[in-house]
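Heads up, the sequence shown is in the numbering used here, so the first residue is -6 and it goes up one at a time. Backbone N, C-alpha and C define an ideal beta-carbon position, used for all residues, glycine too. Everything numeric in this text was worked out from a predicted model, so none of it was measured.
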Amino acid sequence: MGIRESDRITAGLRYVAEEVSVHRDDFRRDQHPGGSALLEGCESLGYVQRGDGESGDRYAMTAAGLRRLAHAEPAPSAED
């Protein structure tokens, strides 16, 4: 059984969130297999946004991506 699509999206968003912004090639390599499609999917859903000008090959998390990631992450327990 493979990884669910929603789990792949969550993993991809975690990766971007940890890095503040990521280069397209790094994301594709580190999220293999299917890193290219995953990045395009996250962008089309509005979870990540490509930079302008010199940062055009870098992607950063959007507010929608942060909300999606927060919703997917378990709430911290009182013991933490």
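Indicate whether R1 and L31 have their beta-carbon atoms separated by less than 8 Å.
-> Yes, they are a contact pair.
Coil, strand or helix - M(-6) by DSSP = For M(-6), the pLDDT reaches just 41, beneath the cut-off of 50, and the residue's location in the model is therefore unreliable, leaving the point undetermined.
Note down the Cα distance separating S29 from Y40, rounded to an integer number of angstroms.
-> S29 and Y40 have their C-alpha atoms roughly 15 Å apart.
Going by DSSP, name the residue or residues bridged to R7.
-> Per DSSP, none; premise fails for R7.
Can you give me the Cβ contacts of A65 inside the same chain, cut-off strictly under 7 Å, excluding the 5 residues immediately before and after it?
-> For A65, where only same-chain residues beyond five positions count, the Cβ hits under 7 Å are T3.
Proximity below 8 Å, CB of G78 to CB of Q24 = Because residue 78 is not part of the residues shown, which for the chain are -6 to 73, the question remains open.
Can you tell me which of the three DSSP states H16 falls into?
-> The DSSP-derived three-state label of H16 is strand.
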